[in-house]
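Let me begin by presenting the structure, written as structure tokens, before commenting on it.
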Amino acid sequence: FFNFIFLPMKRFATLLALFVFVGFNLLQAQSVQITGNVTSSEDGLGLPGVSIVVQGTTLGAVTNLDGDFTMNVPEDANTLVFSFIGMKTREIAIGGRTEIVIIMDPDAIGLDEVVVTAIGITREAKALGYGVQKVDGDDIARSNNANMLNSLSGKVAGVRVTSSSGSAGGSSFIEIRGSSSILGNNQPLFIVDGVPIDNGGGAGGVQGVALSNRAIDLNPEDIESMSVLKGGAATALYGLRAANGAIIITTKKGTAGRTSINLHSSVTIENISQVPELQETFTQGSYAYAEWWEGFYGSQNPIASPADNVPWNTWQWGPKISELSYTTDPNWKAV
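Residue numbers (UniProt numbering): 1 to 335.
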């Protein structure tokens, strides 16, 4: 009775172990391990985070920090698809190989969808929760403006650029989504390669005289891209200075490849075409100015100072220059 029960069990265990071993070998024979490396054609460095998928399936892998990857693919797999943000997607035939090394090229169209937000962080435009627009450096250079701010006119929604003059060195006043203050500064914060710069030009609020500002110091040919961030949520990392928005400027950097030189030069010459004839016989009257002083200070007599070496008068029409003669005492009071 003992032999009748346990001998068949031993045979069954042996057959089961043999079946599992053979089945495992069959499964191993149906998949192939592939290793490889993915690099960029720009600098030759490995690309981390590249997605690798077996074409027609959901099987895939991702490269590590050095651009290396290891994956098991079906024995009948023919093509691997390599994709990465800002790079052209590549389809590589396996062809029985177990090691694949590829080089990915940048995709200009894909790069347009990536914008620089704060402190050099790049994000996909569709993944942002606030308003942002990007202007490519080639579009800025083609506008042929000495002041790169004028290049944004008509290219970014909600941005108003006002030029103080057409003269060389003239400043430009920029606002994003209108004015937010009557007396304060309504200009956005400028960030050049992560460094804030002061673009103030003496104009405050909605009035004032705009002097030459620092934006004109930037060569439009050196700009790779400009990202215009709108709203408080977009500029949270820059604090209160960016309450009116921020303009993130990324300059060009050297890239690997063949050396090339592009030269763009422009010369502006200004000359007054006609000088008006001015009379030199009579002085300018100051009656209106005296009335303004009285309305503002309650008196027509200004406060004397060493710089005020001209007597106060209320003449509506000035006298002849040849008839003027004034003296002052040591206390700078008009006599």
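No residue lacks a Cβ here, since even glycine has one placed at the ideal position from N, Cα and C.
A residue is called buried when at least 16 other Cβ atoms come within 10 angstroms of its Cβ; A157 does not meet this threshold and is exposed.
Here the C-alpha atom of G49 lies approximately 19 Å from the C-alpha atom of T79. For R142, no beta strand (DSSP E) segment is defined; the enclosing uninterrupted segment is the alpha helix (DSSP H) at 137–142. The three-state reading of DSSP puts D217 in helix, counting H, G and I together. Just measuring C-alpha positions, the residue of T255, V38, S225 sitting nearest V192 is S225. In terms of Cα proximity to V32, the closest of M71, S41, D43 is M71. When DSSP states are grouped into helix, strand and coil, D107 belongs to the coil group. Distance from the Cα of T98 is smallest, within the candidate group D107, E75, I85, for E75. Note on geometry: alpha-carbon atoms of P106 and G67 lie some 16 Å from one another. Excluding residues up to 5 positions away in sequence, P48 lie with their Cβ nearer than 7 Å to the Cβ of N64 in the same chain. When DSSP states are grouped into helix, strand and coil, D66 belongs to the coil group. Counting only the Cα atoms, L240 lies some 16 Å from S179. Short of 6 Å from the beta carbon of Q133, and not among the five residues preceding or following it, lie these beta carbons of its own chain, in chain order: V156, V228. Cβ neighbours of I216 within its own chain (closer than 6 Å, five residues either side excluded): N147. For L189, the enclosing beta strand (DSSP E) stretches over residues 189–192.
For S83, the enclosing beta strand (DSSP E) begins and ends at 79–83. Taking the C-beta atoms as reference points, S153 is found no nearer than 8 Å to I140. Under the three-state reduction of DSSP, R97 is assigned to coil, being neither helix nor strand. The straight-line gap separating the alpha-carbon atoms of I248 and S273 is approximately 40 Å. Contact between V38 and G46 holds: CB atoms are separated by about 7 Å, below the 8 Å threshold. A distance below 6 Å between beta-carbons, with the five flanking residues on each side excluded, links E175 to the following residues of its chain, in chain order: R160, N186.
For the pair F69 and G96, the CB atoms are not nearer than the 8 Å cut-off. Within 10 angstroms of the beta-carbon of K230 lie 16 or more other beta-carbons, which makes it buried. With distances taken between CA atoms, P188 lies nearest to A246 out of D136, P220, T250, A246. Contact annotation: A77 and V62 have beta-carbon atoms that are not nearer than 8 Å. Within its own chain, the residues whose Cβ lies closer than 6 Å to the Cβ of G60, once the five positions on either side in sequence are excluded, are I52, V53, listed in chain order. A242 sits in a helix when the DSSP states are folded into three classes. The shortest CA-to-CA distance from V267 to any of V195, N145, I103, M104 is the one to N145.
Short of 6 Å from the beta carbon of G137, and not among the five residues preceding or following it, lie these beta carbons of its own chain, in chain order: I223, E224, S225.
Per DSSP, the continuous beta strand (DSSP E) segment holding N37 begins and ends at 31–40. DSSP places P196 inside the beta strand (DSSP E), whose first and last residues are 195–197. Excluding its 5 nearest sequence neighbours in each direction, R90 has C-beta neighbours in its own chain below 7 Å: F82, I102, M104, listed in chain order.
Rounded to whole angstroms, the Cβ separation of I34 and I100 is 6 Å, and the two are in contact under 8 Å. Cβ-Cβ distances below 7 Å link K88 to M104, D105, D107 in the same chain, with the five nearest sequence neighbours on each side left out; the list follows chain order.
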